[in-house]
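Down below is the structure, laid out as structure tokens.
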Amino acid sequence: DAKTTQPTSMDCAEGRAANLPCNHSTISGNEYVYWYRQIHSQGPQYIIHGLKNNETNEMASLIITEDRKSSTLILPHATLRDTAVYYCIVRANDYKLSFGAGTTVTVRA
Amino acid sequence: EPEVTQTPSHQVTQMGQEVILRCVPISNHLYFYWYRQILGQKVEFLVSFYNNEISEKSEIFDDQFSVERPDGSNFTLKIRSTKLEDSAMYFCASKRTDQNYGYTFGSGTRLTVV
Chain A
1063 DAKTTQPTSM DCAEGRAANL PCNHSTISGN EYVYWYRQIH SQGPQYIIHG
1113 LKNNETNEMA SLIITEDRKS STLILPHATL RDTAVYYCIV RANDYKLSFG
1163 AGTTVTVRA
Chain B
572 EPEVTQTPSH QVTQMGQEVI LRCVPISNHL YFYWYRQILG QKVEFLVSFY
622 NNEISEKSEI FDDQFSVERP DGSNFTLKIR STKLEDSAMY FCASKRTDQN
672 YGYTFGSGTR LTVV
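Protein sequences appear in the order of chains A and B. Quick note on numbering: my numbering labels position 72 of the first sequence as 1134, and the sequence is numbered without any gaps. Quick note on numbering: my numbering labels position 75 of the second sequence as 646, and the sequence is numbered without any gaps.
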């Protein structure tokens, strides 16, 4: 699976949009970009995924660049409950996820 | 919303003892996984299971570990002879067959080996 690079941490103001970047310059054509988050040692929670088109669901939006070498997860209106570690993962097969260190996002009131 | 259920939430065991961690995946899911997270470290893949057999396993998943789906609903992880370094959160996850769904993780079992 392709490796990803994310900032170690970022702060966000409550009610504002949080934009979380991820670089995956070695991504292959059949690899999807997945985002998960982990709130304080709970099980990771699936957020969204995409292949090449931008995606939106009730939790977030995923913007993937045209060359697919980077992506941005957007939390449109961050709340205190969005404080978590966010993981960007690229994978092709069904067998496993490889978690990195992720980005620790702290939402401040 | 369907959930992956893990029991117990916390297990304390003595070194050398066998432990079984239990998971009930979502009913229509066909892929099953165990991950673990040592305190303060990354979430690590242990094993994936599909069609009643192991699909892939990591280097961590040595002969001390085994998985089983004994009755079509439960999915278990057994550690035969626990070591201090097995202390971690163990997460079970399940997934539908197709690519367009993410994994659903359980809330984990905290295993403490003393």
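Every residue, glycine too, gets a C-beta built ideally from N, C-alpha and C.
ask   = Hey, B/I591 and B/T647: beta-carbon distance below 8 Å or not?
value = Along the second sequence, read from residue 1 onward, the residue named residue 591 of chain B stands at position 20. Along the second sequence, read from residue 1 onward, the residue named residue 647 of chain B stands at position 76. It is a contact, given that the beta carbons lie within the stated cut-off.
ask   = Can you list the residues of chain B that A/Y1096 reaches, using a CB-CB cut of under 7 Å?
value = Here residue 1096 of chain A corresponds to residue number 34 of the first sequence, with the count starting at 1. Within 7 Å Cβ-Cβ: G673.
key: Reduced DSSP secondary structure (H/G/I, E/B, other) of B/R681   = Translated into the one-based positions of the second sequence, residue 681 of chain B becomes position 110. It is a strand residue.
ask   = Hey, B/G673 and A/Y1108 are a contact pair by Cβ (cut 8 Å); roughly how many whole angstroms apart?
value = On the second sequence, residue 673 of chain B is found 102 positions in, with the first residue counted as 1. On the first sequence, residue 1108 of chain A is found 46 positions in, with the first residue counted as 1. The pair is a contact, with the Cβ atoms about 3 Å apart (cut-off 8 Å).
query = A/A1187 CB to nearest chain B CB: under 8 Å?
reply = There is no way to answer for residue 1187 of chain A, as the model of chain A reaches only from 1063 to 1171.
Those runs of the beta strand (DSSP E) which lie wholly inside the stretch 1080 to 1138 of chain A and span at least 3 residues = 1080 to 1085, 1094 to 1100, 1107 to 1112, 1123 to 1126, 1132 to 1137
task = Go through its chain and collect everything with a Cβ distance to A/A1122's Cβ below 8 Å, but skip five positions before and after it.
result = The count along the first sequence starts at 1 and reaches residue 1122 of chain A at position 60. Contacts found: W1097, I1109, I1110, L1135, I1136, L1137, P1138.
key: Alpha-carbon to alpha-carbon, A/Q1068 and A/N1085   = If you number the first sequence from 1, residue 1085 of chain A lands on position 23. If you number the first sequence from 1, residue 1068 of chain A lands on position 6. So the alpha carbons of these two residues sit roughly 7 Å apart.
task = Give a yes or no on whether 8 Å exceeds the smallest Cβ distance from B/S678 to chain A.
result = Here residue 678 of chain B refers to the residue found at position 107 when the second sequence is read from its first residue. Chain A, which has a Cβ nearer than 8 Å to the Cβ of B/S678, makes this yes.
request  = List the residues of chain A that B/F662 touches, going by C-beta distances under 8 Å, in chain order.
outcome  = For the purposes of this step, residue 662 of chain B is identified with residue 91 of the second sequence, where counting begins at 1. Here the neighbours are G1105, P1106.
key: Beta-carbon separation (whole angstroms), B/M586 vs B/L682, contact threshold 8 Å   = Along the second sequence, read from residue 1 onward, the residue named residue 586 of chain B stands at position 15. Along the second sequence, read from residue 1 onward, the residue named residue 682 of chain B stands at position 111. Not a contact, Cβ separation roughly 12 Å.
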